[in-house]
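Convert by adding 1 to the 1-based position in the sequence shown; the result is the number in our numbering.
Note that beta-carbon positions come from the ideal geometry of N, C-alpha and C, so glycine has one too.
Predicted, not measured: the structure shown is a model, and the values here were computed from it.
Reading through the structure tokens given below for one structure.
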Amino acid sequence: MIKFNKSLVNYYCCLFFFFISVTFLSAFPISIQNRQQQIKQQQYTTNNNVGMTDQSLQQSKMNSKINSFNNDTILPIVLWHGMGDSCCFPFSMGKIENLIKSQFKNNTNLYIHSIRIGNSIEEDVKNSYLLNINKQIEIVCNQLKQDKNLQNGFNAIGFSQGSQFLRAYVQRCNQPKVHNLISIGGQHQGVFGLPKCIGVNHTICEYIRNLIDIGVYWNIVQQTLVQAEYWHDPFLNKKEEYLNQCVFLPDINNEKQFKNETYKFNLKSLNRFVMVKFLQDSFVQPIESEWFGFYSEDNDRKVLSLRETQLYREDWLGLKEMDESGKLVFLETEGDHLKFTEEWFIENIVPYLK
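Here is the structure:
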């Protein structure tokens, strides 16, 4: 009988997870295009009808005109980039900063804080893969608390995994306070699959996903690889392992037996929680996670909307109450992960920055 060194197996498992995660790198940095794009925008209403009313759509378009903004009341803005990206790449976060500033030219004092974790761009990118999420959030809580420009509150935009990390900031810290939280392609219910490799449709993808699932909740993997910390296995035979050993997602989604009322209170304090879903997203499985939906229990084919989930029905995070009071905004756009136009961003995101 062959005996394996468990530490060595764990080590190589981490290397394997890291190799898989690198496949995200080519697409997670945002891509802002300069062509017109057909936009579909939806906002859920309390009677479960999907779609914006004519009045609210007209108001949204009015808000997108820069002349309608009161430039004296623009809050500072905090950005948190996605995996494989950095605060300071001129083609991603740098471009977003410039785009936002171009819409508030009359406000010369507009302050934007783009989160960097580490002492350099290289460290920031590396940490987006390898630094425990809980540690990252602790760092950011201290970082933002010490920034005197943010003390009266700010609006926050998260890109991809940066979205759920900013939500964790709101739930755990929120000092200084977030006014509007904007999630662009965030995976709020986690992921269960590889980018551009839909398991249920491809045998090799299903095989790799099952292989990953063997060790994804091992402690060494959870402490080493960021993306493993929001890997969400929907099957019952993994539920206990997920709840007890996944170090981030079950906690921040209040899935454990003990419900953290502070998480609920802080999230409900938001003025608006905006979630953007990319309709042709080939990197997030299931796509509905971008709107806080997920697979039904013990299933990787049937997808539940947010309103159908136990998390919503039992209001673990206050999302039901927020929905009923009009604080949740659901936007959708054509395109793959983080692919959008400047026009779309100006029309749909900028209004929530005033």
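Hey, could you find the ends of the beta strand (DSSP E) residue i is sitting in?
i, result
"T342", "K340 to T342"
"T334", "L329 to T334"
Starting from residue i, trace the alpha helix (DSSP H) both ways and give me its first and last residue.
i, result
"N220", "N220 to Q223"
"S129", "I122 to L131"
"M84", "Taken as a continuous stretch (DSSP letters only), M84 belongs to no alpha helix (DSSP H), as it is neither H nor E."
"S103", "M94 to S103"
"T204", "T204 to G216"
"R314", "Q311 to R314"
"N135", "I134 to K146"
"K321", "L320 to E325"
Determine which residues share a DSSP beta bridge with residue i and list them.
i, result
"H114", "V79"
"S184", "G159 and M276"
"C174", "DSSP lists no partner for C174."
"V179", "F155"
"V304", "Y296"
"V192", "W232"
"C198", "L195"
Grab me the residues of residue i's own chain with a C-beta within less than 7 Å of its C-beta, minus the 5 sequence neighbours each way, in chain order.
i, result
"D148", "H114"
"P251", "Y243, L244 and K257"
"V217", "A229 and W232"
"Q152", "P177"
"S290", "Q188, H189, Q190, G191 and V192"
"G163", "W81, H82 and G83"
Whose CA, out of the options, lies closest to the CA of residue i?
i, options, result
"N180", "F295, N267 and I205", "The sequence given here has His at residue 180, not Asn. Residue N267 is the option with its Cα nearest to H180."
"E139", "R168, L111, N153 and F155", "R168"
"E335", "I185, Y313 and K136", "I185"
"K269", "L318, K146 and L212", "L318"
"K265", "W232, L320 and N211", "L320"
"I158", "V275, E343, L329 and R314", "V275"
"D125", "E344, Y353 and H82", "H82"
"W292", "C206, N175, F331 and K146", "F331"
"S129", "P77, I101, V227 and G294", "V227"
"F346", "P196, S290 and I183", "I183"
"F249", "Y313, K197, V222 and N108", "V222"
"T310", "S297, F259 and N220", "S297"
"E1", "Q190, G194 and C142", "This structure leaves residue 1 out entirely; the chain is present only between 2 and 355."
"C1", "E289, K127, Q286 and L237", "Limits of the chain in this structure are 2 at one end and 355 at the other, which puts residue 1 out of reach."
"P91", "M84, T109, I122 and N108", "I122"
Can you name, in chain order, every residue of its own chain whose Cβ lies under 8 Å from the Cβ of residue i, other than the five neighbours on each side?
i, result
"D337", "A28, F279, Q281, D282, S283 and F284"
"E98", "L80, I113 and S115"
"M323", "L268, K269, L271, F274 and L329"
"T74", "K355"
"K260", "W317"
Excluding the 5 residues preceding and the 5 following residue i in the sequence, name in chain order all residues of the same chain whose CB lies nearer than 6 Å to its CB.
i, result
"N156", "L76, I78, H180, N181 and L354"
Complete runs of the alpha helix (DSSP H) confined to the region 223-288 [at least 4 residues]: 237-246, 250-253 and 262-269
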